[in-house]
Every structure is written in structure tokens, then in C-alpha cells.
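Chemist: Supplied in C-alpha cells, the structure appears directly below.
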Amino acid sequence: MIEKLLPGERVDELHRKGYRIIQKTDGFCFGMDAVLLADFAKAGPKDKVLDLGCGTGILPILMEARNQGEKFVGLEIQTEFASMAKRSVALNGQQDKIQIVEGDIKEASSLFGRESFDVVLSNPPYMTDNHGLKNPDEKKAIARHEVLLNLNELLRETKKVLKNKGHFYMVHRTFRMAEIIHSLVSYGLEPKRIRFVYPYLEKEPNIMLIEAMKGAKSRIKVEPPLIVYEKPGVYTEEIYRIYGYEKENEGDK
């Protein structure tokens, strides 16, 4: 389906069910964080799943590949990314299971209705306006900094669209952990499971995967650490498994 490609785009393999994704040749692309979140998150056979801020569609595509959910929806505010996501879904023949909606996360509850999803997930912007330098590329800045959406706005809408006892999955930076846990609890999203991601065994974690449940009691499980690199340029066995390819056949991605 090469005719679906526009100038400046490429098709990447996802190593899951033969699925592929359309990305920019020189622009914002999905990262490891999204792949790790898709592995961490779970959806049951009858679950309706919403990805808040789906970008080019990596999370709905991988979640559909890994889970038996009834419906997967991706919400994306940037027209270019939403278009790429829709074309990737068509490229994979996933139209019956995945819907891409162009719209603002801050209006998610108006778009979809309250308590309309069993599972919500998000790979949100990590940096506030006060964290570091913003990328001069507006699209990259929106993806990485809280330009159009902040953490509280994300959690407010998550609480509204999530069913009672529904699950919320998010990947974020560990340096904001205290703020994140406090905000989750304040919105009635009780942290239930957390896993820290370490670049190397001897380094401190810089990413965390967190699961929260709406309306649950307080009790959290800390899972074993996830180590990314065995040595420079070589992933650990678990990372190779998550990506879906054999260690001996692949180098650093």
C-alpha cells in the first residue's frame, strides 16, 4: 500500500502480526516509551480502550496486536499525525478494531461521553513549560512539553471517560513521580502497579510505567526493574522480547 505514503514519509515494521506504521523520514517518530507502555498495559476481550494523544497511532496499533479488546480508539489533536495514524490503521487492515479521532484531549469527555472506556492509556508530554529548552519544531515541542495539555488536564479527562474500576496506564519520567502519584490520587485514580525502567543496571531509573484504577483502594505493587541496555548498543533479552525480534538477528534500534 505504498500509495498511502506522502512525501517525507516511510513505513516501519513493528514485528507484531506483520503490522507496520507510517512515520516521518525527518520528524517526530514514536520512541521506546510507547513500545514499553504497550507491553505493560492490558486489555480484556470485551474492553474498550482509549489512547489519549495517540500521535501516529503506535499505541492503538500495538495494543490491538497484543490484546483481544473489543475496540481501540486513538485521540490526536495534530491533523498531520491523526492522518498518518488513520492511514497506518488502513495499511494494517485494522479498521474494524481501531478508530482514530482528531480532537483535543481536554474535550475527551465531551467527544466520547462519561465512563465510556474500560481502559485508558497515555504517553503524555513529559516536560512542563519550565523544564528545559523547547524544540523549535512546533510538532516536537507539543509532543514533549506541556504546550497544549498539562498533567492535571489529562487526569481530569481520564477520570471522566474511564468506567468505575477501569484501568489507566501511563509512561512518564521518574523525576515527576511525587507529583504524578499525588495527582492520580487526587483524581480518584489509585496507583496499583509501577515498574521502573533503567537505562543500565548500574544507573538510576529515568522512566516509570504506572497503572492506576478508578475507585480502587490504596495498595501498590512495585514490579521488578526493567533494564534497557546490557551494554552500549545491545538491548537486554527482555527488551528484545518486547520489541518482538531475536537478539542474535538485530542490533540497536
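So in the working numbering, spot 30 of the sequence shown is number 34, and the numbers just go up one at a time.
All C-beta atoms in this analysis are idealised placements derived from N, C-alpha and C, irrespective of residue type, glycine included.
1) In or out: F76 buried (at least 16 other Cβ within 10 Å) or exposed?
2) One question on the structure: do S113 and K164 come within less than 8 Å of each other, judged by their Cβ atoms?
3) Do H176 and I184 have their CB atoms nearer than 8 Å?
4) Can you check DSSP and say which residues form a bridge with P195?
5) Check for me: the beta strand (DSSP E) holding R180 runs from which residue to which?
6) Going by other Cβ atoms of all chains shown within 10 Å of its Cβ, with 16 needed for buried, is E206 buried or exposed?
7) Identify which residue in E68, G219, L115 and K90 has its Cα closest to the Cα of G59.
8) Provide the residue(s) that pair with K75 in DSSP beta bridges, ordered along the chain.
9) Measure how close the beta-carbons of V53 and V123 come, nearest whole angstrom, since I'm counting them as under 8 Å.
10) CB-CB under 6 Å to A69, same chain, minus the five flanking residues each way: which ones, in chain order?
11) Whole angstroms are fine: how far does the CA of Q99 sit from the CA of E254?
12) Distance check for V39 and L66, CA to CA, integer angstroms please.
13) Could you check what DSSP says for D37 in three-state terms: helix, strand or coil?
14) Mind checking whether K8 and I26 have CB atoms under 8 Å apart?
Modeler: Straight from the coordinates:
1) buried
2) yes
3) yes
4) A216
5) Looking at the DSSP string, R180 is not in any beta strand (DSSP E), and its letter there is neither H nor E.
6) exposed
7) K90
8) K52
9) 4 Å
10) R20, K21 and Y23
11) In this prediction, E254 scores a pLDDT of 43, lower than 50, which makes its location untrustworthy; the coordinate-derived value is nonetheless stated afterwards. The alpha-carbon atoms of E254 and Q99 are separated by roughly 31 Å.
12) 8 Å
13) helix
14) yes
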